[in-house]
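What follows is a single structure, written as structure tokens, with notes after it.
Structure, rendered in structure tokens:
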């Protein structure tokens, strides 16, 4: 019974693979799945004046650079009120944090 179950499982996997491969019996070629670097990628949505901008920052014992990144982002943004920051920071006792700077 165990061998039959294994054979049945293999048949179901094969049937799913053939269904995925389509009528041609070929799987999707890697070359056709890779996009040219010159082709534009369509956005999932079109940003407008209310679109939020989320910046994720990871900093390892580098409060000064983290603070500089946040300051630069806010100073260069057309709409700085739309920016939010999530900071993951690894610090030891005595290290400066993004907030300290």
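Residue numbers (our numbering): 1242 to 1342. Backbone N, C-alpha and C fix where the C-beta goes; we use that ideal spot for every residue, glycine too.
Using DSSP with H/G/I as helix, E/B as strand and the rest coil, what is residue i?
i, result
"residue 1202", "The structure shown does not extend to residue 1202, since the chain is modelled only from 1242 to 1342, so the question has no answer here."
"residue 1327", "strand"
"residue 1294", "strand"
"residue 1339", "coil"
"residue 1308", "helix"
"residue 1318", "coil"
"residue 1313", "helix"
Would you tell me roughly how many angstroms separate the C-alpha atoms of residue i and residue j, rounded to the nearest one?
i, j, result
"residue 1310", "residue 1300", "11 Å"
"residue 1297", "residue 1315", "14 Å"
"residue 1292", "residue 1281", "21 Å"
"residue 1294", "residue 1342", "22 Å"
"residue 1290", "residue 1327", "21 Å"
"residue 1332", "residue 1340", "12 Å"
"residue 1307", "residue 1325", "14 Å"
"residue 1329", "residue 1318", "22 Å"
Check each candidate in the options and name the one with the smallest Cα separation from residue i.
i, options, result
"residue 1373", "1320, 1321, 1318 and 1305", "The structure shown has nothing for residue 1373, since the chain only spans 1242 to 1342."
"residue 1335", "1283, 1303, 1324 and 1322", "1303"
"residue 1322", "1329, 1330 and 1312", "1312"
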